[in-house]
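Everything in the sequence shown is counted per the UniProt record's numbering, starting at 1 for the first residue and increasing by one. Here the structure is laid out as structure tokens; the discussion comes afterwards.
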Amino acid sequence: MDFKWLRNGKELSSGSHNVNILSYPLLSNLIIDPLTSEDSVPPSWIVSPSDTDASSGDSLMLNCKGTGKPEPNIIWSRTHEVRSLKIQSFSFPEDSVIGKRVSASCTPAVGEKMDFKWLKNGKEIIPKGQNINIVSFSDFSTIVINPLTAEDSGNYTCVVSTRGLSGSYTTVLNVLVPPSWKQLPQDYEAADGETVVLHCQGAGKPEPVTNWFHTTGFSSDYIPLSSTNRITVASNGSVIISAITKDDEGMYQCNVSNRIGSDLVKAVMVKVTGCSSYDHRVRYRGSNEVWEGDRFEVSCIVPFSDREGWTINSSIAITDDNDFSYTLSEREVDTFRQELTLHVRSAQLFHEGEYRCNRDSRDFHYVKIIPASAGVHEKGSRKESAPPKATNEYILEINKTVEFYCSSARDDNTPVMWYKNSRPIVENSNRTS
């Protein structure tokens, strides 16, 4: 066989430079001694490519350069497989109330020596003098927010990266805020027939709900206020009262709540003025018929400003008086109204009449005194007696003659007695008969 050796396409000959060729019938050896740089150099790095982070849309340059003999060729390749880190799900507490401390931990399912980065609403969080602290280790990272503020609500993202791998997870933080006053209700003094608007509004997270209550009758307890043909409870928390009357007067209470922290409660007084003298509405309660000698009482509820004291038959002022068996008491119903009570220890015939605790009111409470002689006890009770017909009131001129008529509604010859200033009238032939 004939053997021939080539270098870079050119034939080598034995004895040239440091090359020696030994050929035999069945083999040939090439001996290079000593080797020089001209003979061959294995490739080595001049610039080695490295991992690079880039944002979408950025320009990116990857450097790669080598040397060797012969000059090495550089070939780039890439994989189309997207490799990502799986991050265990995490979340903030549901009861993340303003002022409290919360935290969340970000942990990849696999891997070690991770790089962590936290974002809020897509922007990197850099804790510098804030209420946010980030503690990261090789395999997990924790974000701590203390104390919570309303501005801390948002989307929080944990971004994890390591050589050739990356991943992220996002959770939402909703900071709960107890209700605070946005618009406080105020006391209101309205004219009769006016349209009244009571404002009440709160702020918080979640959005608070406003409810209205009011007092009614003799009770100081608040009951829910609902919409009627004259009253509108608006969705914004306001109450609108159209054509207000004396019956609408009283205490109104606004309650603002979102079930976070304590409710906001404020009571206000609504007073109606400018009414005629017959529009001073007064509520009464008590017995309507009383047997002579029995105990009875009459109560009324009036605003403090309308208190004038008790009268009987619109003229006689009633005071604590042992001779007439009257005792007076009072109690505060609320900050606006009071309850006045008139007690009689032993009913007498002169106690019969119209009782008023405000002489300007058209309302009164009539008490009929049944004479002891009108009936006897039957099985623990007395016979019923019909109330007398109401007596009219007169305004007279001096020296005029007047006749008053009063009779029982029963046709049983029930005796009729007349009283003047609560004392029996004795017939006088000169002036009274």
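Glycine is no exception: its CB is placed at the ideal position from the N, C-alpha and C atoms.
(Q) Would isoleucine 292 and glutamine 348 be called neighbours here (beta carbons separated by less than 8 Å)? (A) Working through the sequence shown from its first residue, we reach residue 292 at position 292. Working through the sequence shown from its first residue, we reach residue 348 at position 348. The amino acid at residue 292 is misidentified as isoleucine; the sequence shows glutamate. Remark: C-beta atoms of glutamate 292 and glutamine 348 approach each other more closely than 8 Å.
(Q) Does phenylalanine 213 come out as helix, strand or coil in the three-state DSSP assignment? (A) As a position in the sequence shown, residue 213 is number 213, starting the count at 1. Three-state DSSP puts phenylalanine 213 in a strand.
(Q) Taking the alpha-carbon of isoleucine 301 as reference, which of Phe364, Val197, Asn174 has the nearest alpha-carbon? (A) The sequence position of residue 301 within the sequence shown is 301, counting from 1. The residue with the shortest Cα to Cα distance from isoleucine 301 is Phe364.
Q.
Going by DSSP in three states, alanine 347 sits in which element: helix, strand or coil?
A. To locate residue 347, count along the sequence shown from 1; it is residue 347. In the structure shown, alanine 347 sits in coil (DSSP, three-state: anything other than H, G, I, E or B).
Q: For valine 76, count neighbouring Cβ atoms within 10 angstroms of its own Cβ and tell me buried if that reaches 16, exposed if not.
A: Sequence index remark: in the sequence shown, residue 76 carries index 76 (1-based). A small correction: the amino acid at residue 76 is tryptophan; valine does not occupy that position in the sequence shown. Burial call: exposed.
Q: In the DSSP assignment, find the unbroken beta strand (DSSP E) run with residue 513 in it and report its ends.
A: A query on residue 513 cannot be resolved here, the shown segment of the chain reaching from 1 to 433 and no further.
Q | Bridge-paired residues (DSSP) for residue 434 | A | The structure shown does not extend to residue 434, since the chain is modelled only from 1 through 433, so no value can be given for it.
(Q) Quick check: the Cα distance between lysine 128 and proline 93, rounded to an integer number of angstroms? (A) Numbered from its first residue, the sequence shown carries residue 128 at position 128. Numbered from its first residue, the sequence shown carries residue 93 at position 93. Distance between the alpha carbons of lysine 128 and proline 93 is about 24 Å.
Q: Can you give me the Cβ contacts of valine 172 inside the same chain, cut-off strictly under 7 Å, excluding the 5 residues immediately before and after it?
A: For the purposes of this step, residue 172 is taken as the residue at position 172 of the sequence shown. Cβ within range, chain order: Asn155.
Q) Between which two residues does the beta strand (DSSP E) harbouring isoleucine 21 extend? A) Residue 21 sits at position 21 when you count from the first residue of the sequence shown. Element bounds for isoleucine 21: 19-23.
Q | Beta-carbon separation (whole angstroms), serine 227 vs cysteine 200, contact threshold 8 Å | A | Taking the first residue of the sequence shown as 1, we reach residue 227 at position 227. Taking the first residue of the sequence shown as 1, we reach residue 200 at position 200. So it is not a contact: roughly 15 Å between Cβ atoms.
**Q.** Segment limits, beta strand (DSSP E) that includes glutamine 183
**A.** Your numbering for residue 183 matches position 183 in the sequence shown. Per DSSP, glutamine 183 belongs to the beta strand (DSSP E) from 177-183.
**Q.** contact_flag[the stretch 61-73, the stretch 141-154] where n(CB pairs < 8 Å) is 3 or more
**A.** no
Q: Please report how far the alpha carbon of alanine 234 lies from the alpha carbon of leucine 264, in whole angstroms.
A: As a first step, residue 234 is located in the sequence shown; it is residue number 234 there, counting from the start. As a first step, residue 264 is located in the sequence shown; it is residue number 264 there, counting from the start. Going from the Cα of alanine 234 to the Cα of leucine 264 covers about 18 Å.
Q) Applying the criterion that 16 or more other CB atoms from any shown protein chain within 10 Å of the CB defines a buried residue, is serine 361 buried or exposed? A) Along the sequence shown, one-based indexing puts residue 361 at 361. Classification of serine 361: buried, given that the 10 Å Cβ count is 16 or more.
Q: State the Cα-Cα distance for the pair aspartate 6 and tryptophan 45, rounded to the nearest angstrom.
A: Start at 1 with the first residue of the sequence shown, and residue 6 comes out as number 6. Start at 1 with the first residue of the sequence shown, and residue 45 comes out as number 45. Per the sequence shown, residue 6 should be read as leucine rather than aspartate. Between leucine 6 and tryptophan 45, the C-alpha separation is close to 28 Å.
(Q) Run through the DSSP bridge pairs and tell me what serine 161 is partnered with. (A) The residue labelled residue 161 in the question sits at position 161 within the sequence shown. According to DSSP, serine 161 bridges with Asp115, Ser166.
**Q.** Cβ contact check for the stretch 193-209 and the stretch 160-180: 3 or more pairs under 8 Å
**A.** yes
Q. Can you tell me the Cα-Cα spacing of cysteine 158 and leucine 119, whole angstroms?
A. The count along the sequence shown starts at 1 and reaches residue 158 at position 158. The count along the sequence shown starts at 1 and reaches residue 119 at position 119. Whole-angstrom Cα-Cα distance: 6 Å.
Q. Taking the DSSP output, what are the residues bridged to proline 224?
A. Taking the sequence shown and counting its residues from 1, one reaches residue 224 at position 224. BP columns for proline 224 point to Phe213.
Q: Determine the DSSP secondary structure at glutamate 352, reduced to helix, strand or coil.
A: Along the sequence shown, one-based indexing puts residue 352 at 352. The answer is coil: DSSP assigns glutamate 352 none of H, G, I, E or B.
Q: For my contact list, asparagine 174 and serine 153 are in at a C-beta cut-off of 8 Å; report their separation, rounded to the angstrom.
A: As a first step, residue 174 is located in the sequence shown; it is residue number 174 there, counting from the start. As a first step, residue 153 is located in the sequence shown; it is residue number 153 there, counting from the start. Their Cβ separation, rounded to whole angstroms, is 6 Å, which keeps asparagine 174 and serine 153 in contact under 8 Å.
Q. Between leucine 328 and serine 299, is the Cβ-Cβ spacing less than 8 Å?
A. Taking the first residue of the sequence shown as 1, we reach residue 328 at position 328. Taking the first residue of the sequence shown as 1, we reach residue 299 at position 299. Result no, Cβ atoms of leucine 328 and serine 299 do not sit closer than 8 Å.
Q.
I'd like to know whether the C-beta of arginine 337 is nearer than 8 Å to at least one C-beta of chain C.
A. The displayed structure is made up of one protein chain only, and chain C is not part of it.
Q. Identify the residues that DSSP records as bridge partners of valine 282: which are they?
A. On the sequence shown, residue 282 is found 282 positions in, with the first residue counted as 1. In the DSSP output, where bridge partners are listed per residue, valine 282 has none listed.
Q: Measure from the alpha carbon of asparagine 18 to the alpha carbon of each residue in Asn29, Leu35, Lys10, Glu11, then state which is nearest.
A: Counting from one through the sequence shown, the residue named residue 18 turns up at place 18. In terms of CA proximity to asparagine 18, Leu35 leads the group Asn29, Leu35, Lys10, Glu11.
**Q.** Per-residue burial, glutamate 71 [other beta carbons within 10 Å of its own, 16 or more giving buried]
**A.** Position 71 of the sequence shown, counting from 1, holds the residue named residue 71. The residue in question, glutamate 71, is exposed, as its Cβ has fewer than 16 Cβ neighbours within 10 Å.
**Q.** Buried or exposed by the 16-neighbour rule on C-beta atoms within 10 Å, applied to phenylalanine 336
**A.** Taking the first residue of the sequence shown as 1, we reach residue 336 at position 336. The residue is buried, with at least 16 neighbouring Cβ atoms inside 10 Å.
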